[in-house]
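Trainee: Chains as they are written, first to last, in this note's numbering: chain C, 10 to 458; chain E, 47 to 359.
#1: For residue 102(E) and residue 328(E), what's the separation of their Cα atoms in angstroms?
#2: With DSSP run on the structure shown, which of helix, strand or coil describes residue 400(E)?
#3: What is the DSSP secondary structure of residue 406(C), reduced to helix, strand or coil?
#4: Pull up the distance between the alpha-carbon of residue 62(C) and that of residue 364(C), whole angstroms please.
#5: Please confirm whether residue 272(C) has its beta-carbon closer than 9 Å to some beta-carbon of chain E.
#6: If you reduce the DSSP assignment to three classes, tell me which class residue 108(C) lands in.
#7: Give every residue of the same chain whose Cβ lies closer than 7 Å to the Cβ of residue 313(E), excluding the five residues on either side of it in the sequence, and list them in chain order.
#8: Could you check where the alpha helix (DSSP H) with residue 302(C) kicks off and where it finishes?
#9: Tell me, please, whether the CB atom of residue 290(C) is closer than 9 Å to any CB atom in chain E?
#10: By Cβ distance below 7 Å, which residues in the same chain neighbour residue 47(C) in space, the five residues on each side in sequence not counted?
#11: In the structure shown, what three-state DSSP assignment does residue 64(C) receive?
#12: Residue 282(C) by DSSP, collapsed to three states: which one?
#13: In chain E, which residues lie with their C-beta within 7 Å of the C-beta of residue 450(C)?
#14: Just to confirm before moving on: does the CB-CB distance between residue 298(C) and residue 371(C) stay below 9 Å?
#15: Could you pull the DSSP bridge partners for residue 318(C) from this structure?
#16: Flag this pair as touching only if the region 199-207 of chain C and the region 319-338 of chain C have three or more C-beta atom pairs under 8 Å; answer yes or no.
#17: Rounded to whole angstroms, what is the Cα-Cα separation between residue 159(C) and residue 399(C)?
#18: If you draw a straight line from the C-alpha of residue 217(C) to the C-alpha of residue 106(C), how long is it?
#19: Once the 5 residues before and after residue 144(C) are set aside, which same chain residues still bring their CB inside 8 Å of it?
#20: What is the DSSP secondary structure of residue 102(C), reduced to helix, strand or coil?
#21: With a CB to CB cut of under 6 Å and the five nearest residues on each side skipped, what residues in its chain are close to residue 120(E)?
#22: Starting from residue 314(E), find everything on chain C with Cβ-Cβ shorter than 9 Å and list it in chain order.
#23: Since residue 321(E) and residue 340(C) should fall inside the 8 Å C-beta cutoff, what is the C-beta to C-beta distance between them, to a whole number of angstroms?
#24: Quick one: what does DSSP say residue 29(C) is sitting in, helix, strand or coil?
#25: If you pair each beta-carbon of the region 117-131 of chain C with each one of the region 302-318 of chain C, do three or more pairs fall below 8 Å?
#26: Ordered along the chain, which non-local residues of its own chain (more than five positions away) have a Cβ less than 6 Å from that of residue 152(E)?
#27: With a threshold of 16 other CB atoms inside 10 Å of the CB of residue 84(E), please say whether the residue is buried or exposed.
#28: Let me see if you follow: with CB-CB separation under 9 Å, is residue 296(C) close to chain E or not?
#29: Tell me whether residue 221(C) sits in a helix, a strand or coil according to DSSP, three-state version.
#30: From the DSSP output, in three-state form, read off residue 83(C) for me.
#31: Please check the pair residue 360(C) and residue 323(E), which I expect to be a contact at CB under 8 Å, by giving their CB distance rounded to whole angstroms.
#32: Quick one: Cα of residue 126(E) to Cα of residue 353(C), how far?
#33: Using 10 angstroms around the beta-carbon of residue 264(E), count the other beta-carbons present and answer buried if the total reaches 16, otherwise exposed.
#34: Check the C-beta distance from residue 213(C) over to residue 175(C) and give it rounded, since I have them as a contact under 8 Å.
#35: So for residue 454(C), helix, strand or coil by DSSP?
#36: Return the chain-ordered list of same chain residues with a C-beta closer than 6 Å to the C-beta of residue 108(E), the five sequence neighbours on each side being excluded.
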């Protein structure tokens, strides 16, 4: 028998080097020959965006010899939420499931902790949005990995021509499509100025449209406005704080503002404000660039005048509603190491860049270091229309229900406490004291364990 | 039926085959065959209705995190909530008014169709059944477009006629009216077809005798048609009450419970608490509140049906 051409010393050396490199490696990538991985992923509304995600998953699958299967699940009728709930109850289904906003908190007891992936990601990409951190952590552990796909903020999307014509304001000067800003102008963009312009636009027959129903667009923007006034429903220690001067100030403000909105805003769903802007009847909404994107297809003249920019500033700061999406790995998943590896791959900057480009700038990663993608600069018309979509100045991302503990905040959010309060005051003409009392009663109930 | 065991010449009785023969006899019994043929259905009912029903009772007795048994705690909690009582009130308004109008429209339409010449009757029956055969989610979506808060087709017509717009879905009271209207539109054909079948089974001689006695149309309706239809009316109303109380699609698609929670019914509120807010036990408790209400009404209505059945016998 032929002897192997390797000495004992050489073998020892090689083994030691290999062992040392494995132990000291900052992140472990594995090979999963002939493994399988299934994903249930939110079905993107932008044509072609799913294809890019599929392409990236297949690239990773080919490289790692893993057969990746993706099911795109629509959020229409909450089908994605229902599917995740069914899988969680049945303890069977996909390996990876995408979860909108609060769903990581809802399912964290059946999700695999992903601290290792998040540590590796944060080490590479830097600080993450506090909203993503708040939503994806439970008991100090990460249970969700923020996705690029679907994650969004809801700043102002306004008509340049109508603001110029009826309010004498050039929004491109306030929020230009370049890093330099005139701080004086930015500071002057506050809720008082917003109210003044809302009145002017209403009188001109092209009012702004703030949804005040019970769906996420309404809840996100209204929650951000309450926060800008410093209003808190429940604090982090389970104290009910809704009965405050800040809440009353916010409600007083809404009383004035909602008078300059079309009366049908109380019935709008998430598409209501989009249609309002696209139809050309409205001067502004608070939304991700989906409204602009559809206008580009259906009413180019409106799209050419749309400008996405920061929210107004309130007494407690400038807040924008953020709605991150997450990937979660079920605790009953069949191939957890491969799932973690794929999610790390998808969250890296290069892959995030491709996903943002595929969504024409709609998807917003949770890492601030990713906000330099050129998609937001290049998208048109008009050039730079969504440059200010990622929060760039003093705008802070916010989620309605914060700072209550997440399982309570999820209920504040989903039961639309904020928008119902506004509707009771502004549509139902109920006294503010009575509405605050009502909210206190509801919040008290949400604290049950 | 008497079963006769056949024997053939040369066939020897074999003790070992006795159990086989009795098994064969057992399998040949009508009741056994009936049971076996029903077995797939029984299995489906057990898996999809009985098991989920008991599971939801179990779920309703768990804590929010589903880690602790809380007995009737979730029900007690709900009884203290103003919003829950508002949902109870709305569900009752929704179900009772929708069933009343469905029954009324069904009865009137059934009479009209019954009096049509036999030749054209089939076409009318087919056309009037259309709302009932369209999948409810689709037709609700169609209605939502008609009531669209900003671009309502109805409002477009009203504006064209010089009227002012109606806030179909943005005003809570109009929104309640709209969801009830859609439910009536969807459910009336069911009443129509049931009442039509009942009308056709009323013996013609009774009407002839009444006509000879000088009874007018109203008297014939009150003294012949209605008494002959009482059982079918009771059963139809019961069935519809159950289905309407449990309605989900129409409210979820058209208003999702808004504005200001003022159109929520049990099912949509259970969905909001259980699925969207992640409190499955509380959601299960809300949906189970329908059970005693429907059980009590079922007992009363079926008791009436049985009593009338005995009287007629």
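Glycine residues also receive a C-beta, built at the ideal position from the N, C-alpha and C atoms.
Mentor: Looking at the atomic coordinates:
#1: Their backbone Cα atoms lie some 10 Å apart in a straight line.
#2: What is shown of chain E runs 47 to 359, which leaves residue 400(E) out entirely.
#3: In this structure, residue 406(C) counts as strand in the three-state DSSP scheme.
#4: Rounded to the nearest angstrom, the two C-alpha atoms are 7 Å apart.
#5: Interface residue (Cβ-Cβ distance to chain E less than 9 Å): residue 272(C) is classified as such.
#6: Look at residue 108(C) here: in three-state DSSP terms it is strand.
#7: Cβ within range, chain order: 292, 293, 294 and 333.
#8: Taken as a continuous stretch (DSSP letters only), the alpha helix (DSSP H) holding residue 302(C) covers 299-307.
#9: Yes, because at least one Cβ of chain E sits closer than 9 Å to the Cβ of residue 290(C).
#10: Within the same chain, and ignoring the five residues on either side of residue 47(C) in sequence, the residues whose Cβ sits closer than 7 Å to its Cβ are 78, 103 and 104.
#11: DSSP places residue 64(C) in helix when its eight states are reduced to three.
#12: Reduced to three states, the DSSP call for residue 282(C) is helix.
#13: Neighbours of residue 450(C) on chain E, chain order: 128.
#14: For residue 298(C) and residue 371(C), yes; Cβs fall inside 9 Å.
#15: For residue 318(C), which the question treats as bridged, DSSP gives the partners 165(C).
#16: Flag = yes, the region 199-207 of chain C and the region 319-338 of chain C touch.
#17: Each residue's Cα considered, the two are about 14 Å apart.
#18: If I take the Cα positions, the gap works out to 37 Å.
#19: Apart from sequence neighbours up to five positions away, the residues of its chain that approach residue 144(C) with a beta-carbon distance below 8 Å are 110, 111, 113, 114, 153, 333, 335, 408 and 415, ordered along the chain.
#20: The three-state reading of DSSP puts residue 102(C) in coil, since its state is none of H, G, I, E or B.
#21: Once the five neighbours on either side are set aside, the close Cβ partners of residue 120(E) are 106, 327, 328 and 331.
#22: None at all; the shortest Cβ gap to chain C is about 11 Å.
#23: So it is not a contact: roughly 20 Å between Cβ atoms.
#24: Here residue 29(C) scores only 49 on pLDDT, less than 50, and its place in the model should not be relied on; the value that follows carries that caveat. Secondary structure of residue 29(C) (DSSP, three-state): helix.
#25: By the criterion of at least three beta-carbon pairs nearer than 8 Å, the region 117-131 of chain C is not in contact with the region 302-318 of chain C.
#26: If we look at residue 152(E) and ignore the five residues flanking it on each side, its Cβ neighbours are 234, 237, 238 and 241.
#27: Here residue 84(E) is exposed. Its C-beta has fewer than 16 other C-beta atoms within 10 Å.
#28: Closer than 9 Å: no.
#29: DSSP places residue 221(C) in coil when its eight states are reduced to three.
#30: In the three-state scheme derived from DSSP, where H, G and I count as helix and E and B as strand, residue 83(C) is classed as coil.
#31: Under the criterion of beta carbons closer than 8 Å, residue 360(C) and residue 323(E) do not qualify as touching, at roughly 33 Å.
#32: The alpha-carbon atoms of residue 126(E) and residue 353(C) are separated by roughly 47 Å.
#33: Exposed, because fewer than 16 other Cβ atoms sit within 10 Å of the Cβ of residue 264(E).
#34: In this structure residue 213(C) touches residue 175(C) by the C-beta definition: roughly 4 Å separates them, less than 8 Å.
#35: DSSP places residue 454(C) within a helical segment (H, G or I) once states are collapsed to three.
#36: Scanning its chain for C-beta atoms nearer than 6 Å, with the 5 sequence neighbours on each side dropped, one finds around residue 108(E) the residues 327, in chain order.
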